[in-house]
Each structure stands twice: as structure tokens, then as C-alpha cells.
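Chains as they are written, first to last, in this note's numbering: chain U, 25 to 399; chain Z, 25 to 399; chain S, 14 to 339; chain A, 14 to 339.
Reading through the C-alpha cells given below for one structure.
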Ligand SMILES: Cc1ncc(C[n+]2csc(CCOP(=O)(O)OP(=O)(O)O)c2C)c(N)n1
Ligand SMILES: Cc1ncc(C[n+]2csc(CCOP(=O)(O)OP(=O)(O)O)c2C)c(N)n1
Ligand SMILES: [Mg+2]
Ligand SMILES: [Mg+2]
């Protein structure tokens with residue numbers, strides 16, 4: 025790996041006073057205000073109606089999936105579920121900027137990105153329904169959802185290293201929450217990516233909360249983007265509810281990484297409108313008064329207003345889309361509900377590639393009639 | 025704990041362009057150039073001859089200890105030893121700025137600080153000689169040497185939290201190497217200290233190398249001081265071979281922390297003149313040509329020249345000091361060599377406060393004649 | 014005397030310990046205003062304030078390390094790890110520091126701290142939330158490892174764990190949190206941390222278990238009783254240091270032993286108990302020592318976890334085999 | 014055929030594996046130009062270059078996590094952890110990810126990686142450099158745990174570990190690195206990762222061991238032979254998955270078994286082996302199964318470590334007791 029320049033050595037030159045040796049700046053960007061009005065010239069891709077419509081559709085589909093998953097969970101037909109309500113622009117804007125051959129390592133609130141990248145809603149239902157087949161994606165090479173917070177971030181560095189060693193023009197993308205930034209895993213992975221200039225983009229899906237711990241109690245860092253500074257890497261903030269801003273920042277970061285320019289960190293500022301998961305009751309720790317204003321920031325409404333203002337979206341489009349998304353999700357849910365659990369012996373089949381003798385004997389015992397009857 | 029200000033929220037106001045939301049600067053300071061000449065007005069304490077002489081003596085004592093430890097190791101009378109040759113100013117400058125009631129959590133190259141703070145050279149020899157009694161300091165409440173790199177840094181946060189909760193005006197000080205900054209432990213501890221504004225000072229004893237890995241391969245960060253940025257904490261660089269600069273920066277940081285101003289990180293830039301430890305052979309990975317110029321930066325020679333220039337140090341002073349340091353160290357070494365190992369059963373005594381029955385039985389077996397004879 | 018469940022007993026013990034000793038403080042993720050994801054610390058933030066109940070940033074290694082620092086200065090930190098699937102980053106601090114601080118300093122510094130975590134499966138949780146992790150800790154000298162299996166034992170053992178001068182890993186079986194209630198007197202009485210508990214006497218077979226599967230083990234004993242078979246049931250409770258004597262005495266009486274645990278079989282702590290029997294109780298054994306445990310497979314997701322956990326049927330099958338052994 | 018020592022055999026196997034498969038890459042601290050602190054990777058940086066032998070920043074959790082990422086993309090990373098005292102931060106990645114990636118994705122992704130580390134005591138090292146850590150790994154389903162005890166076995170087992178499609182923890186006994194030499198043919202032949210090795214035949218007692226203390230175990234067997242006692246010596250080598258059959262077959266023959274390991278007794282892997290005997294070999298046992306192990310104390314510093322490690326005298330005492338048992 026090419027060593028990074030040892031700037032602190034040259035810096036010693038400034039002698040007489042305590043002299044500045046390094047300076048950093050974190051910038052924040054957004055394109056659309058909350059009513060969908062452009063605040064500045066839009067990025068090129070936004071000239072294309074189809075592009076914007078695709079972003080919009082993907083956000084609506086993600087939300088439809090979310091709503092159905094919540095409904096299934098509330099009626100006892102799905103396991104604990106982590107909703108991404110209000111955060112759709114982060115996942116979708118990012119996924120839209122990625123190439124198919126890139127590789128996504130999601131946390132657990134990125135179904136918007138997973139769906140864009142070829143994971144089926146059926147597979148997602150299976151996963152959240154407690155079935156390992158939900159991560160055996162039939163049309164995606166991405167990593168599965170990662171539950172232990174931040175532990176997939178070093179994987180992204182490893183995946184990026186694999187791309188780099190193979191001279192492939194691919195980028196690994198890890199997404200993680202504001203809470204995750206406090207884990208050493210993130211600092212270690214960022215540091216490695218920085219010093220080895222790995223083709224990886226780190227995206228902090230900052231929804232303001234880590235379960236009951238607000239962003240301000242997570243770290244004294246003024247921005248989460250500046251976590252990058254410790255790794256000698258560029259970091260920036262974007263409005264995570266502005267899908268254009270997310271897409272544009274992601275595209276720039278991916279392009280830089282792809283061209284050998286090294287890693288990049290994007291802090292996407294969004295807000296968790298719902299409970300942490302279906303097992304959580306946010307009213308215990310978060311006043312409704314804090315939540316309400318954030319509804320006005322809804323990324324889906326914002327882009328819809330923008331499309332409508334440009335006369336690119338009519339009532340019929342909306343109705344068609346809603347119906348289509350509902351149909352897709354309903355079909356997937358139906359298939360999920362009709363899918364019987366795997367046979368118990370599959371437990372044994374994937375622990376090792378080849379079943380060790382010891383385990384083969386256990387499988388025999390497990391399948392023996394007496395044992396098979398749950399107590 | 026008082027929550028840190030959530031600056032990124034206010035930052036959203038900058039709209040139309042990608043707008044700066046946070047800026048950071050890392051500064052570097054030194055007082056003496058390598059010939060001992062003052063580059064700028066010296067700090068107040070440097071007006072006092074006795075103060076400077078004390079710093080000088082402590083560095084000489086540390087080096088005398090170092091030399092004796094090396095000699096004992098080379099003749100098979102001490103275990104693997106980590107020399108601090110050339111790094112004495114970091115340990116001594118820091119210790120001189122601390123108050124007795126503060127608490128030092130050293131890595132393994134801070135004997136200069138340990139000796140200043142009441143750990144005896146006899147105890148240090150015992151430790152490096154493979155005897156636990158070497159950390160049973162008779163006149164210090166400090167933490168023992170820490171071998172697993174960076175793992176003591178979270179302890180410092182815990183100790184500082186204890187001070188803060190008890191409203192004690194004390195500061196915890198953790199010292200660790202450039203290599204250690206890559207461990208998640210450091211990032212996690214810094215982050216906690218930042219958000220809880222703990223009275224703790226972090227000192228990076230940056231000697232340019234982590235065994236065979238040079239600083240530039242450890243991280244792309246331009247300075248190690250900027251590791252603090254990720255934690256929303258102030259960081260700065262000092263010339264770690266200028267004991268005045270170290271002492272002054274440490275004093276300011278300690279004072280800030282003591283007055284409730286929160287944590288601080290100091291990167292002290294020094295250089296490892298010797299092998300990593302006695303088990304290492306640096307010539308395998310580090311050209312002599314790199315090392316030689318660093319001898320000119322020797323912190324002891326630098327302060328001596330400064331003292332001599334001010335007519336504060338005569339040949340007789342030097343001779344007296346050398347003799348005194350040698351006598352102190354020789355006496356300690358003699359006592360160490362004359363100290364028999366602890367009885368084997370002490371192994372059992374300190375594993376728990378009260379010996380569990382299970383272990384009591386093992387002790388019986390261990391002390392039975394047949395077993396006691398090593399194979 | 015009110016009837017309370019296991020998680021309420023944990024809460025009661027925490028409150029008691031905090032009330033009686035100002036050096037007891039709690040730290041962890043979401044244990045403050047939220048009261049813990051299982052509500053184990055409910056009400057404690059309100060009662061004892063933000064300097065006794067500390068919501069930390071999200072970093073388990075840090076939580077363990079900060080606890081070591083606190084404990085070294087005379088505090089008695091009780092750290093919560095949200096699920097055992099996230100307890101691995103604490104191992105470094107527990108193995109390299111907490112368990113050694115006393116011996117490394119020949120008693121100058123000590124480390125009275127507790128790491129609590131909800132443990133085990135059976136609640137249909139998402140992946141990485143159902144692990145039985147005791148064997149990461151049982152081979153670390155200087156630690157105690159405690160797993161309560163009833164509200165009363167949770168209360169007494171947790172009080173003793175907090176008062177203990179050495180570090181304790183305290184694993185609370187999630188699926189027993191609200192499984193049943195019993196009367197627990199809030200009298201501040203601790204239970205010994207070096208003793209197994211005899212839950213049920215019987216002369217025909219000894220069932221040794223701990224944590225979650227004690228539920229199925231007791232059910233099996235009940236069923237056996239209805240068939241005229243006397244099963245003695247032992248709750249190991251404190252795995253480290255192990256009270257081998259109680260187990261040996263029971264097997265000396267029954268001659269047959271079935272060990273039940275939820276962690277994977279191989280390398281699980283059941284091996285230690287069987288080894289003690291093979292070492293010190295061989296002449297008592299009238300039948301092979303059986304272990305009914307989790308399989309040596311990764312814990313399956315919710316849909317299959319019932320096939321993984323030791324069931325009453327599997328326990329009964331093992332007992333019947335032991336009884337029929339000549 | 015040259016005689017080489019164990020660390021040279023490790024080096025030879027690494028070189029062979031790298032030469033035959035371009036997807037094998039090494040990563041760790043000081044393994045490049047420096048050749049590793051024990052010289053296990055000596056010459057490999059020069060031979061295979063900086064894209065095959067990677068000196069990482071100092072972060073063990075990262076090393077394990079990056080290896081998972083690499084392995085998922087078809088590389089075969091071999092990570093070195095400098096000493097077992099620093100291996101704890103890898104447990105999270107090994108337990109939560111490496112060992113599960115296959116089952117979590119139903120085989121879509123796999124994790125063929127090796128974590129190597131010098132293990133155990135007896136070299137008068139500074140604290141935290143002498144740990145026997147196998148029991149952190151033996152209860153993790155999906156892992157293999159391998160500990161070689163001779164140059165030839167180190168060579169063959171390491172080759173197999175690297176070629177294995179699943180993650181392997183490979184612990185190299187530091188004090189055997191240069192303890193003796195033997196002829197090792199660099200023929201690329203792997204040794205099975207599910208088999209114990211019979212090092213010495215004998216009809217009177219079975220000695221089961223692995224890693225460092227095989228040295229004292231073999232010395233004890235030699236001594237016993239001179240007294241006319243036939244000791245069969247088994248090197249377990251692969252602890253997980255365990256080849257119980259070889260051990261059971263031996264004890265079926267000898268009726269007596271002494272297990273020797275360096276890790277602390279309680280919760281050590283010796284318990285698993287004794288448990289297998291109590292479970293599947295009870296009728297063969299003519300004497301209690303004895304374990305000679307590290308005490309349940311923190312590993313002492315250099316000056317006392319000889320009192321901690323299982324000595325030939327302690328092994329002999331245990332054998333004599335087993336032999337005299339009626
Ligand atoms: C290592 C680890 N610790 C604790 C948990 C329990 N937990 C699940 S999500 C969560 C909060 C995560 O916050 P953040 O990173 O901000 O992501 P968000 O849930 O807000 O998307 C916690 C503590 C976990 N899954 N992993
Ligand atoms: C966690 C851990 N990993 C590896 C080691 C082995 N080791 C000892 S010192 C060292 C390098 C430390 O470098 P640095 O932090 O710069 O401190 P220095 O030795 O230069 O003072 C390494 C890798 C260790 N002691 N602890
Ligand atoms: Mg969050
Ligand atoms: Mg260094």
C-alpha cells in the first residue's frame with residue numbers, strides 16, 4: 025500500500041509560535057428545501073425526468089415495504105422490524121448513485137437501497153420473518169443486513185481491499201448509524217481505508233437517535249462527518265432528506281473512490297420518525313414535540329412537490345405508483361406468508377461446507393423421532 | 025452528563041451552497057530548538073533554575089534506569105525490556121506538570137514519568153524482571169504499566185469519571201503510542217471523554233514507529249492530534265523532545281481539565297532511537313540513515329545546552345548528577361537482583377480476594393511435594 | 014410479599030444495591046430514561062439520577078474498560094450489555110484487565126464490577142440476540158460467572174455479585190425474564206456465589222442445568238415424577254467458581270446424571286461438569302453422563318430456534334436412556 | 014529433506030500456500046519487512062510483495078473484520094495476531110461473522126480465513142504474552158480450532174487450514190517454535206483437520222494433550238516406558254471438530270486416561286474430552302479421568318510461570334495415581 029504523506033514532519037518548520045500544521049473544514053450541502061424548491065442549480069442528473077421519477081418510485085416502494093412489514097409484525101406474522109420511515113432518501117439516493125458491480129454493506133435500515141439493488145421484498149420479508157433464506161439473495165451479491173452495530177464496517181474495508189488488489193473498478197459502500205460511529209470498529213476501518221486509500225464510501229445514516237440516546241449524547245463531535253478527520257479522509261454532510269443531495273454526494277464519492285482517489289465519508293442527516301424498532305416505544309424517551317416538525321422534512325413529500333412543481337408528476341402517476349407498489353409488496357408478502365419454514369436439518373447443513381463427522385452424528389440425533397418433538 | 029451542543033443542527037442554516045459547518049485547526053509548539061536556544065518567550069516555570077534542573081535530572085535518571093535495564097537484560101538478568109531512549113522529555117515533561125493527586129495510566133515507555141511520580145526503580149526492575157510485586161507500588165496510586173496496546177485508555181476515562189462524580193479536582197492522564205491510535209479503544213475512550221467532558225488528558229507518545237510500522241503507514245491522518253477532532257475535543261502537537269513544550273502543553277491541558285473544561289489530547293512528537301524492545305532488531309526494517317539525524321534532537325542534550333547557555337549548569341553539576349543517578353539505579357538493581365522470587369502459592373492468593381474452595385484445593389495440589397518439582 | 018418476575022427481581026436488586034451503597038453506579042446503552050430494552054433498570058434513572066445511571070455512547074469495549082477504571086477507584090460499576098450477541102468486545106477488558114488487576118498489583122488495585130447481559134434464546138428475536146455465551150468467560154481465572162434462573166435467585170445472586178470484591182459476569186436468561194413470578198422479599202439478603210442450588214430432590218437421576226433450559230429441565234422432572242421416577246434437579250447458578258461438591262454428592266446418591274444447557278455442546282460448560290464426575294465421581298456412575306445441549310451449529314433464526322434449544326422431549330429421552338442403562 | 018523447526022514449518026506452509034494459490038494473502042502487524050516478531054513470515058514480503066503480505070495498522074478487531082471482507086470476495090486471508098494476549102478483539106468478528114457468514118446466507122457467501130497466533134507460555138515473556146486461549150473458540154460453531162505440536166504437523170495442518178473453505182483459528186505453541194527440528198517434506202500435502210494424531214502407542218494409559226505441554230507429556234511417556242509402563246500419547250491437534258473416536262478407541266484399550274493442557278483447568282477443553290469419555294467410554298474406564306492443566310489462576314509473570322505450567326512431574330503423578338487405581 026502506498027504510504028500516506030507524513031505531513032507532520034514537514035509541519036515542524038513553523039517554529040517561533042504555536043503554529044497551525046493542519047486545517048479541516050466540514051461542508052454541508054442540500055439542493056431542495058423542504059417544500060421541494062431548488063436552492064441552487066441542480067446536479068445534471070436532475071434534468072432527466074425519468075431519473076427523478078425513479079428516485080421517487082424507489083422511495084415510495086421502500087415506504088410501502090416498511091408499512092407492510094409493520095402491519096405484519098403488529099399482527100404477529102413477522103419478527104421485530106426496524107422501520108426506515110422518513111429515512112428513505114438516504115438509502116435510495118445512495119443506491120441510485122452506485123453501480124450494479126459495487127457492493128453494499130447495509131446496516132438494518134437500508135431496505136430502500138436493498139430493493140433498488142436487486143434484493144426482493146420477498147427476501148426481505150423472509151429475513152425479518154426469521155428465515156436465513158432471506159439473505160440468500162437470488163439477484164444480488166451484496167452483504168446481508170448487519171445487526172451487530174458497526175461490525176460490518178471493517179468488512180467493507182476488506183471488500184474494498186479485494187477490489188483494489190484485483191484492480192477492479194468497484195467500490196464498497198458501508199452504511200451505519202449515528203450510534204455506530206461511537207464503536208471502535210468504525211474508527212479502525214476508517215483508519216485502514218484512509219491509509220491504504222481503499223475504494224470504499226462510508227455513509228452515516230444519522231437519524232438523530234440510537235434507540236433512546238440522542239445524537240448530542242453520542243459524541244461531542246460537532247458533526248459526524250468529522251470522524252473522517254481522524255482517518256485522514258474527507259468527510260462531508262448532506263441533507264439526508266434531500267434525495268438529490270444524497271445522490272449527488274454519493275456519486276462524487278463513488279467516482280473518486282473508483283478512480284483510485286481513496287475513501288470518503290458522507291454524513292446524511294435525517295430523522296427517525298418512528299420507534300427504533302417494533303420492540304421499542306419511543307414515547308418513553310422522546311417527546312412528540314420533537315418529532316412533529318420533522319414530518320415537514322419528509323423526503324418523499326419533498327421530491328413529490330418538486331416533481332409536481334416541474335409538472336413532471338400528475339395525480340394519475342401518483343395513483344398508479346401507489347397501486348403498483350402495493351401490488352408488488354402484497355405479492356411478496358403473500359409469498360412470504362405461504363413459505364413454510366426450512367426443514368430443521370438445514371441448521372446443520374450450512375455451519376461448515378462439509379459436515380464434520382461430529383456434527384453428522386448430532387444431526388442424526390436431532391432427526392431421531394424422540395428428539396424431533398419439541399418439548 | 026451534560027449533553028454536548030448539537031452544532032450540526034444549527035449548521036443547517038447555510039443553504040444555497042455547500043457551506044462550511046465546522047472548522048478545525050491543529051497547532052504545533054516548541055520552545056527550544058535542537059541547540060537549546062529559545063525560539064520564543066519561555067513559559068513562566070522556565071524562569072526558575074530549580075524547576076529546569078529538576079526536569080533535567082529526571083531525564084538523566086530515566087536514561088540511567090534505561091541503560092541499566094538494557095545491561096541487565098543483555099546479561100540475562102531481566103526480561104524483555106522496552107527502552108525509552110530519546111523519549112525522556114515526553115514522560116518527564118508530562119509528569120512534572122501533573123499533581124501528585126492526579127493519576128497516570130502509562131503505556132510501557134513512561135518510566136521517566138513513573139520515577140518522577142514515586143514508583144521506585146526497584147519496583148520497575150521487579151516488573152521488567154517478571155515479578156508482579158513490581159506493580160505493587162509502595163508510594164504511588166498510579167496504574168501499572170500496560171502491555172496490551174491502548175487497552176488502558178478506556179480505564180483513564182473511567183478513572184476520570186470517578187474523579188468527576190466525586191467532585192475531586194483530579195485529572196487522569198493516559199499515555200499511548202502512535203500505533204495505539206489505530207485501536208478502536210482509543211477512539212471509543214476519546215469519544216466518551218469528549219461527550220462527558222471528563223477530566224482526562226490523552227498523550228500520544230509518537231515515536232514514529234510501532235515496532236516495524238512507521239507512522240506514515242499507521243494512518244493517513246496528517247497529525248495524530250487530529251484524532252481528537254473525531255471526539256469533539258481539542259488536540260495539539262508539541263515537540264516531544266522539548267521538555268519545556270511538553271511540560272507547558274501538559275500544564276495547560278491539566279489545568280483546563282481540572283477546572284471542568286473537559287479532556288484534551290497532546291501529540292508529542294519524539295523518536296524511538298533504539299530497538300522496539302530487547303526482543304527486536306530494528307535494523308531489519310529501519311535504515312540507520314533515518315535514525316542518525318534524530319540523535320541531534322536528543323532532549324537531554326538540548327536541555328543541557330540550554331542550561332549551560334544560561335549558566336545554570338556546570339561540569340561539576342553534571343558529574344554530580346551522573347554519579348547520583350548511577351548510585352540510585354545501582355542500588356535499586358542490586359536490591360532487585362537480591363530479591364528472591366515470590367513463593368509459588370502467591371499465584372493463588374491474588375486471583376480473587378477470597379480464595380474459592382475450588383482454588384484452595386488446587387493450591388493444596390500445587391504445594392504437594394510431587395507436583396512442586398517442576399518437570 | 015409481592016410476587017415478581019425475574020426482570021423485576023433484577024430491578025429490585027439493582028435498586029437495593031444502589032440505595033445501600035453510593036459507590037454502585039449503572040452504565041450501559043439505553044438504561045437511563047428508557048429503563049433498558051428489557052426494562053431491567055426501569056425507574057432507576059428517575060430515582061437515582063443521571064450520575065448513578067449513565068446512558069453511554071454505543072461501544073461495548075468502552076463500557077467494559079470504563080468500568081475497570083471506575084472499579085479501580087472504589088466504585089462498583091454495574092454495566093449492562095444489551096444482548097449477549099454484543100458482549101464479545103468486553104472479553105478483552107475482562108480477560109486482560111478486570112480479572113487481573115488484583116493479581117497484577119498484588120492487591121493494590123481491585124476490580125469490583127459486574128457485567129450484566131440478557132442471555133440465551135427462545136424469544137424469537139432477530140439474529141445475534143439469542144446467544145449463550147458463558148463459555149467465553151468460564152476459562153478466565155479471576156472472574157465469577159453467574160446465571161440466575163428464578164426471580165429469588167436473581168435477586169440474591171445479583172446483590173452478592175454487586176457486593177463481591179471481584180469482577181462478575183451475570184447472564185440473565187431472557188426467556189425467563191417474564192416466564193413466571195415468585196415471592197421475593199426485598200430484605201437485602203445475598204445468595205452465595207459459590208454454591209449450586211438443589212431445586213428438587215430425587216433418588217433416581219440427577220439433572221444439572223442452569224439458565225433458560227432449567228424451565229424444560231424442571232418440566233421433565235415433573236413429568237418423570239408422575240411416572241414414579243425421582244429426578245433431583247440442580248441449578249448450577251454460579252458456574253465459576255464451580256461447586257462440584259453439590260453435584261458430586263447428588264450423583265453419589267442417584268448414580269445417573271444428565272446435564273442440560275443451551276450453549277452448543279462442544280466446548281460448553283457441561284463438559285466441565287461431566288469431567289468432574291469422570292474425575293471425582295467415577296465410582297458413583299451407574300450410567301454414562303449425558304449432555305443435552307444446543308447443537309454445534311450456529312443458533313438458527315427464529316423460525317427454527319425451537320429445534321435448536323434443548324427440549325423437554327430431548328431431556329426425557331436422555332434420562333430414559335440413562336435409567337435403562339445397566 | 015531438511016530438518017526444520019516449527020516456526021520454519023509455518024513459514025514453509027505459508028510460502029507453499031501462497032505459491033500455489035494467488036488468493037492467499039497474509040495480513041497482520043509487523044509481518045512484512047520485519048518478517049513477524051517470531052519470523053514466521055520471514056522472506057515472504059520479499060518474495061510475494063506488498064500486495065500479498067500486508068503490514069496493517071495496529072488493530073486486531075480490524076484485522077479480523079477485514080479478513081472477513083476479503084474472504085467473502087474469494088480471497089483466503091491468513092491473519093497473524095502477534096500474541097494470544099491480543100486475540101480477544103478478534104472474537105467478535107469470529108463469533109458473529111466469520112463463523113456465520115455461510116449459514117446466514119445459506120451458502121451464498123463463505124469465509125475461508127485463518128487467524129494464526131503464537132500461543133501459550135514457557136518463554137519467560139512479559140505479561141499478556143503467554144496465554145492459552147483455545148477455549149474462547151471451541152464453543153463457536155462454524156469455526157475450526159487447530160493447534161500443531163511438531164514441525165511436520167504444523168506444515169500439514171496449516172496447509173489444510175488455509176485451503177479449508179471455513180474459518181480456522183490456528184494457535185502455534187510459542188515454546189515449541191524452536192524446541193526441536195524434524196524432517197518436513199515440502200510436498201504440499203495437507204493433514205486432515207478432523208483427526209487426532211497417535212504419537213506413541215502403549216497399552217497401559219492414554220495421555221491426551223495438545224500444543225506446548227505435549228513436550229512434557231512425551232517426556233513423561235518416555236520416562237514411563239523406561240519403567241515398563243506403556244503410555245499411548247495422542248496429540249488432539251484439531252480441537253474443533255473433535256475426533257472423539259481416536260481418543261475413545263485408545264482408552265477402550267488402556268482403560269486409563271490423563272488429559273494434559275496448559276489453559277486453566279476449569280472451562281478448559283480438557284473438560285470436553287473427559288466428558289466424551291464419561292458419555293461414550295464409561296465402560297472402558299478403569300480409573301478416573303485425570304486432567305493436568307494450568308491452575309485456575311491468572312498466568313503468573315515469568316518468575317513463577319514454571320509453577321503454573323503442567324510439568325512432567327505433575328503428569329507423572331497423575332499417571333501413577335491412575336495406574337494404581339483399582
Ligand atoms: C454492537 C451492538 N450493540 C448494541 C446493539 C443493540 N442496538 C441495536 S440498534 C442500536 C442503536 C443503533 O443506533 P444507530 O447506530 O444510530 O442506528 P439506528 O438504529 O438509529 O439506525 C442498538 C444499541 C447492537 N445491535 N449492536
Ligand atoms: C493490542 C496489542 N497488539 C499488539 C501488541 C504487540 N505490540 C507491542 S508494542 C507494539 C507497537 C506499539 O506501537 P506504539 O503504540 O507506537 O508504541 P511504541 O512501542 O512505539 O511506544 C505492538 C504491535 C500489543 N502489545 N498489544
Ligand atoms: Mg441512529
Ligand atoms: Mg510508537
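We put the CB at the ideal spot given by N, CA and C, even for glycine.
Since the model is a prediction, treat every value here as computed from it, not as a measurement.
Query: Within a Cβ cutoff of 6 Å, which residues of the same chain sit near residue 230 of chain U, ignoring the five residues on either side of it in sequence?; Result: 202, 248, 291, 293
Query: Can you say whether residue 61 of chain S is buried or exposed, counting buried as having 16 or more other CB atoms within 10 angstroms of its CB?; Result: buried
Query: Identify the residues that DSSP records as bridge partners of residue 288 of chain Z: which are they?; Result: Z:225, Z:258
Query: Any Cβ of chain S within less than 8 Å of the Cβ of residue 282 of chain A?; Result: yes
Query: Determine, using beta carbons only, whether residue 135 of chain A and residue 145 of chain A come nearer to each other than 8 Å.; Result: no
Query: Within the chosen definition, does the segment 235-255 of chain S reach the segment 378-389 of chain Z through at least 3 CB pairs nearer than 8 Å?; Result: yes
Query: Is there a Cβ of chain U sitting closer than 8 Å to that of residue 267 of chain A, yes or no?; Result: no
Query: Can you check which of these residues, A:58, A:285, A:276, A:275, is closest to residue 279 of chain S by C-alpha distance?; Result: A:285
Query: In angstroms, rounded to a whole number, what distance separates the CA positions of residue 205 of chain Z and residue 217 of chain U?; Result: 15 Å
Query: Starting from the Cα of residue 329 of chain U, find the closest Cα among U:53, U:62, U:186 and give me that residue.; Result: U:62
Query: Taking the beta carbon of residue 226 of chain A as the centre, do at least 16 other beta carbons fall within 10 Å, making it buried, or is it exposed?; Result: buried
Query: For the beta strand (DSSP E) holding residue 258 of chain S, just list the boundary residues, first then last.; Result: That residue, residue 258 of chain S, is in no beta strand (DSSP E); its alpha helix (DSSP H) goes 257-267.
Query: To the nearest angstrom, report how far apart residue 399 of chain U and residue 299 of chain A are at their CA atoms.; Result: Low local confidence applies: a pLDDT of 33 at residue 399 of chain U is under 50, so the model's placement there is unreliable, and no value is given.
Query: Which partner residues of residue 62 of chain U appear in the DSSP bridge assignment?; Result: U:56
Query: Quick check: what's the CA-CA separation for residue 68 of chain A versus residue 43 of chain A?; Result: 6 Å
Query: Anything in chain U within Cβ reach of residue 229 of chain Z, meaning under 9 Å, just list it in chain order.; Result: Neighbours of residue 229 of chain Z on chain U: none; closest Cβ ~14 Å, over 9 Å.
Query: Can you list, in chain order, the residues of its chain whose CB lies under 6 Å from that of residue 67 of chain Z, leaving out five sequence neighbours each side?; Result: 272
Query: Could you tell me the distance, in whole angstroms, from the CA atom of residue 125 of chain A to the CA atom of residue 202 of chain S?; Result: 51 Å
Query: So with Cβ pairs under 8 Å, would you call residue 99 of chain S a contact of chain U?; Result: yes
Query: Beta carbons nearer than 8 Å to chain A: which residues of the segment 202-216 of chain U have them?; Result: 208, 209, 212, 213, 215, 216
Query: Kindly provide the ranges of any beta strand (DSSP E) runs that are 3 or more residues long and lie completely inside the segment 233-307 of chain S, ordered along the chain.; Result: 244-248, 251-253, 270-277, 303-307
Query: Report yes or no: do the segment 41-60 of chain Z and the segment 46-60 of chain U share at least 3 C-beta pairs separated by less than 8 Å?; Result: yes
Query: Would residue 200 of chain A be called buried (16 or more neighbouring beta carbons within 10 Å of its own) or exposed?; Result: exposed
Query: Quick check on the DSSP output: the alpha helix (DSSP H) that includes residue 217 of chain U runs from which residue to which?; Result: 208-219
Query: Does any residue of chain Z have a CB that is nearer than 8 Å to the CB of residue 198 of chain U?; Result: no
Query: Going along chain Z, which residues have a C-beta under 8 Å from residue 316 of chain A?; Result: 153, 154, 155, 365, 366
Query: Can you tell which of Z:77, Z:59, Z:279, Z:60 has its C-alpha closest to the C-alpha of residue 338 of chain Z?; Result: Z:77
Query: Can you have a look at residue 233 of chain A and say buried or exposed, based on whether 16 or more other CB atoms are within 10 angstroms of its CB?; Result: buried
Query: Output, in chain order, the set of chain U residues within a Cβ distance shorter than 9 Å of residue 308 of chain S.; Result: 371, 372, 375, 383, 386, 387, 389, 390
Query: So which of Z:184, Z:269, Z:233 has the shortest CA-CA distance to residue 116 of chain Z?; Result: Z:269
Query: Using the three-state DSSP reduction, which class does residue 409 of chain Z fall into: helix, strand or coil?; Result: Outside the shown range of chain Z, which is 25 to 399, sits residue 409 of chain Z, and nothing can be said about it.
Query: Would you say residue 126 of chain U faces chain B, with C-beta separation under 8 Å as the test?; Result: Of the protein chains in this structure, namely U, Z, S and A, none is chain B.
Query: Rounded to whole angstroms, how far is the Cβ of residue 109 of chain Z from the Cβ of residue 289 of chain Z, which I believe are closer than 8 Å?; Result: About 25 Å; that fails the 8 Å criterion.
Query: Alpha helix (DSSP H) containing residue 54 of chain S: first to last residue?; Result: No alpha helix (DSSP H) holds residue 54 of chain S; DSSP gives it neither H nor E.
Query: Assuming residue 91 of chain S contacts residue 39 of chain S (C-beta within less than 8 Å), just tell me the rounded distance between them.; Result: 5 Å
Query: Would you decide whether residue 319 of chain Z is buried or exposed? Buried here means 16 or more other CB atoms lie within 10 Å of its CB.; Result: exposed
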